[in-house]
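Notes for the one structure printed next.
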Amino acid sequence: MGGFDLSAFFGQFREETEENVRALTTGLLALESNPGDREAIDTIFRAAHTIKGSARMLGQIDMGRLAHSMESLLSALRSGMLAMNASINDVLLASVDVLLALNANVNEPPPTDPNVDMLVEQLNALAAGESLPTSPPAKKPAPIVEPVAEPEPKPVPVVLEQPKPEPAPVVAPPAPKKARPTGEAPKLINTTRSTVRVPISRLDRLLNTAGELVVTRQLHLEHVADLEALDKLLSKSERLSQQLSERLTGQRVTFQQRREASELASQLQNLAQSTRNQLRLLSERWSSHSAASEALVDELEAEVMATRLQPVAGLFAPIPRAVRELARSLGKEVNLITEGETTEADRKVIELMADPLLHLVRNALDHGVETPDDRIKTNKPAEATLRLQARSLGGTIEIIISDDGRGIDPAVIRATAIKRGIIDTESAARLRDEEALELIWQPGFSTSAIITDVSGRGVGMDVVRAAVSEVGGRVDVHSVLGQGTTFTLILPITLLTTRVLLFDVAGTTYALPSTACLGGRRVSGAQIQMVEGRPSVRVDERSVSIVALAPLLEQRGPLPQPSDISNLVVLGPANRPLALLVDKLVDEREVVVKSLGALLNEQRLCTGAIALPDGRLVLVLNPLAIAARAREWGKPVALPAPSKRQPAKLLVAEDSFTTRELLRSMLQSAGYIVETAINGQDALDKLNLNSYDLLVSDVEMPLLTGFELTRRVRGHERLRQLPIIIITSLARDSDRREGLLAGAQAYIVKSQFDQSNLLETIHQLLGR
10 MGGFDLSAFF
20 GQFREETEEN
30 VRALTTGLLA
40 LESNPGDREA
50 IDTIFRAAHT
60 IKGSARMLGQ
70 IDMGRLAHSM
80 ESLLSALRSG
90 MLAMNASIND
100 VLLASVDVLL
110 ALNANVNEPP
120 PTDPNVDMLV
130 EQLNALAAGE
140 SLPTSPPAKK
150 PAPIVEPVAE
160 PEPKPVPVVL
170 EQPKPEPAPV
180 VAPPAPKKAR
190 PTGEAPKLIN
200 TTRSTVRVPI
210 SRLDRLLNTA
220 GELVVTRQLH
230 LEHVADLEAL
240 DKLLSKSERL
250 SQQLSERLTG
260 QRVTFQQRRE
270 ASELASQLQN
280 LAQSTRNQLR
290 LLSERWSSHS
300 AASEALVDEL
310 EAEVMATRLQ
320 PVAGLFAPIP
330 RAVRELARSL
340 GKEVNLITEG
350 ETTEADRKVI
360 ELMADPLLHL
370 VRNALDHGVE
380 TPDDRIKTNK
390 PAEATLRLQA
400 RSLGGTIEII
410 ISDDGRGIDP
420 AVIRATAIKR
430 GIIDTESAAR
440 LRDEEALELI
450 WQPGFSTSAI
460 ITDVSGRGVG
470 MDVVRAAVSE
480 VGGRVDVHSV
490 LGQGTTFTLI
500 LPITLLTTRV
510 LLFDVAGTTY
520 ALPSTACLGG
530 RRVSGAQIQM
540 VEGRPSVRVD
550 ERSVSIVALA
560 PLLEQRGPLP
570 QPSDISNLVV
580 LGPANRPLAL
590 LVDKLVDERE
600 VVVKSLGALL
610 NEQRLCTGAI
620 ALPDGRLVLV
630 LNPLAIAARA
640 REWGKPVALP
650 APSKRQPAKL
660 LVAEDSFTTR
670 ELLRSMLQSA
680 GYIVETAING
690 QDALDKLNLN
700 SYDLLVSDVE
710 MPLLTGFELT
720 RRVRGHERLR
730 QLPIIIITSL
740 ARDSDRREGL
750 LAGAQAYIVK
760 SQFDQSNLLE
770 TIHQLLGR
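Laid out in structure tokens, this is it:
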């Protein structure tokens, strides 16, 4: 289905599923009162069957799994093998609730729900005739209001959002209780709710307003500074008036003139003194008002921020299950240690980091952690350690993912980058080891020896950095070969406001998120040296290249050059920093970043804009885009020679006629020359006679299996470098490992087959 846009069908699927969910709910409730209602069972069975089929076609995995298990249980009810009971109905209704929640979020990638696995297990157990463990009955809640013996009913407190009770039946009055002491009122338990539901959109607007107040606080401080400056001017005016009076005293003028001049000077001094006194009083009042306002704004900011802050425990929650399942599928032993779960961060930050964090964890298990046998050979314990930590530092939060695995080999990174055309050989040789690690963030980069559904497609690491940059953070990587790798996500605690570094370039003020910067510096000309033809400066014992920011922003005017005193903005990451030459370092302050609007959403250079107290608008630059432009600046660009390469020639080995012809048609439509073989032996004969650029093979074939064919190819001197893709229905982990050991570079399971994945894999292996 890779050639179709499945998203075009999501709306129709949601509507259809809502109708089927309503049918399921109505039918299940009807079965509570009439368990033998055959028509109701048939209706809900058809509804579950429809949901299952449509969900699978659109790639909604959890919905398909859950609906399939519901269908199996309903099939047993339909056939009479099982009888409807309360336990079965409860599980089915709970499954309907989860289906409805998943349906509301249908998308690509498909939504998940942590309850699906448990419900599927329960449904399958019930379908097999097993009984579920029953929980003890819940205790009846104590009455809210203590009964009172008075014959006349007393008024009861109003309870918000409670339905009006039906009139109680008339009963005999209860026996009178012991009278209370005089003046003692009957004790009532307060039933008013302590919480209230607020739409997220309204809460977000409140947060934005609070953010604007934080920025307005800066304007108040500037007003105080203006008043203080005015006070200094008046003091200067008094001094000049005094000097004028003294000079007149020494001049030859008549007594009348001297007296008049002295009176005028005295009046001027008195006026200046009165004005200064009034100004100081006004300044004190304004300062007091600003201080009180600042305290209120700080309190409001803290309270509003608290409504968005959540512990990262929710972010960490899915990780243990994912580690357990992936470690088992990869045949590895991993001990997961989590720390700092109570550390709090903005709800939006936690939501946006869920997928990147999971990808980094999967990457650590797949690429970093060795198998138990390999670890024992290197004198490591068979069980690897994966550590997940969170800690807050000032206005940022750090999430650290570290393993004690094999580490990242810079030599392999360089070789892979050269092979994939990301960097040329000469540039790769100049990179230090810590700089070479930065290549893993390039789109399409992967060092995986085999392409599977877990890794090797080159998708993810660049997405991780983009997601971190979207919230104004950065991600650093540190690795020691043979000892392990550490990824550090540095994120803002809140998105309510953002700390930015302000600077001037060519007469215009710009900003960069503080979390993406390593600081601003003023350096002298003696500190600047030429390294490989570029001006550089030492930052934390590291030589950092200096690049003028003005030409990167396409600003007109003379190209800035490092001078006696140069202003630099040092851009991260820490292991590959970059110094941007700017005209002036202005300030670092807390601001609210506004969106640029739909018209400018496509551009990548700026992420938003901020309004300064004086009314000027300042663009917030995208640190990733600036860094990419800076590293390309001045690099020689060679025009590619006209391509004379012929289309790649592929051999497809498949014993099924339908599958063989489907693959042939698909690959020929993509522009490849395709020949086919009806079994493994036929493929080996053709490989010995002809030259091919890539082999696509099934596994279970007569005469020679795909695994044995791969081994024969790898043992042949002329053919051992031939790329091989295995496409099979064998989905067990042991089969995947056998394919890898045999020498295949990619392993694709037919049940997960997607045309675009196959074509992308071929493109990666051929490099064209």
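Counting in the numbering used here, the sequence shown runs from 10 upward without gaps.
Idealized CB from N, CA, C, for every residue including glycine.
| Item | Value |
| --- | --- |
| Cutting at 6 Å between CB atoms, please list the residues of its own chain near LEU345, excluding the five before and the five after it. | PRO329, VAL332 and LEU395 |
| Is the CB-CB distance between LEU712 and GLN690 below 8 Å? | yes |
| Would you verify that the beta carbon of ALA438 is, or is not, closer than 8 Å to some beta carbon of chain B? | Going by chain labels, chain B is absent from the structure shown, which holds only one protein chain. |
| Helix or strand or just coil, what does DSSP make of HIS725? | coil |
| GLU780 to ASP382, Cα distance in whole Å? | The displayed coordinates of the chain run from 10 to 777. Any statement about residue 780 would go beyond what the structure contains. |
| Starting from ASN116, follow the alpha helix (DSSP H) in both directions and report where the run begins and ends. | Per DSSP, ASN116 belongs to no alpha helix (DSSP H) and is neither H nor E. |
| Can you give the Cα-Cα distance for THR59 and GLU28, rounded to whole angstroms? | 11 Å |
| Taking all protein chains shown into account, do 16 or more other C-beta atoms lie within 10 angstroms of the C-beta of THR770, making it buried, or fewer, making it exposed? | buried |
| For the pair the segment 85-101 and the segment 39-55, tell me if three or more CB-CB distances fall below 8 Å. | yes |
| Count the other CB atoms within 10 Å of the CB of ASN631; is the residue buried (16 or more) or exposed (fewer)? | buried |
| Do GLU443 and ARG585 have their beta-carbon atoms positioned less than 8 Å apart in this structure? | yes |
| Is the beta carbon of ALA426 sitting closer than 8 Å to the one on ARG483? | no |
| Would you kindly report the start and end of the unbroken beta strand (DSSP E) that includes ASP355? | 353-355 |
| I'd like the list of long-range same chain contacts for LYS593, defined as Cβ closer than 8 Å, with 5 residues on each side in sequence excluded. | PHE512, ASP513 and ASN576 |
| With 16 other CB atoms within 10 Å as the buried threshold, where does MET127 fall? | exposed |
| Out of SER244, PRO320 and ASP307, which one is the CA nearest neighbour of ASN286? | SER244 |
| For a test of the three-state rule: what should DSSP assign to PHE454, helix, strand or coil? | coil |
| Residue ranges of each beta strand (DSSP E) run of no fewer than 3 residues wholly in the segment 550-636, ordered along the chain? | 551-557, 574-580, 587-591, 593-600, 615-620 and 626-630 |
| Given a cut-off of 8 Å, decide if ILE422 and LEU446 are closer than it, judged by their beta-carbon atoms. | yes |
| For the beta strand (DSSP E) holding LEU395, just list the boundary residues, first then last. | 393-402 |
| I'd like the span of the beta strand (DSSP E) that includes ARG543, first residue to last. | 543-548 |
| Give the C-beta separation of ALA662 and LEU703 to the nearest angstrom, bearing in mind that I take them to be a contact with Cβ-Cβ under 8 Å. | Incorrect: roughly 12 Å between the Cβ atoms, too far for contact. |
| Based on the DSSP secondary-structure assignment, which residues constitute the bridge partners of THR719? | Paired residue(s): none; THR719 is not in a bridge. |
| Would you kindly work out how many angstroms separate the C-alpha atoms of ILE8 and HIS772, rounded to a whole number? | Since the first and last residues shown for the chain are 10 and 777, residue 8 lies out of range. |
| Can you tell me whether PRO365 is buried or exposed, with buried defined as 16 or more other CB within 10 angstroms of its CB? | buried |
| Considering only residues of the same chain and omitting the five flanking positions on each side of GLY481, which have a CB-CB separation below 6 Å? | PRO501, THR507, PRO522 and THR524 |
| Can you tell me the Cα-Cα spacing of ALA85 and THR34, whole angstroms? | 19 Å |
| Curious, which full-length alpha helix (DSSP H) runs of at least 4 residues does the segment 311-383 contain? | 322-325, 327-339 and 356-372 |
| Do you know offhand how far SER246's Cα is from LEU277's? | 9 Å |
| What number of angstroms, rounded off, separates the C-alpha of VAL486 from the C-alpha of GLU237? | 48 Å |
| Contact check, VAL600 vs VAL509 under 8 Å by CB: the rounded distance? | 6 Å |
| Out of THR518, THR494, ALA657 and VAL100, which has the shortest C-alpha to C-alpha gap to ASP623? | THR518 |
| So, under 8 Å CB-CB, HIS368 and VAL473 are touching, yes? Tell me the CB distance rounded to an integer number of Å. | 6 Å |
| Quick check on DSSP: helix, strand or coil for PRO174? | Per-residue confidence for PRO174 stands at a pLDDT of 42, beneath the threshold of 50, marking its modelled position as unreliable; no derived number is given. |
| Do you know offhand how far GLY416's Cα is from PRO656's? | 38 Å |
| Below 8 Å between beta carbons: does that hold for LYS695 and LEU728? | no |
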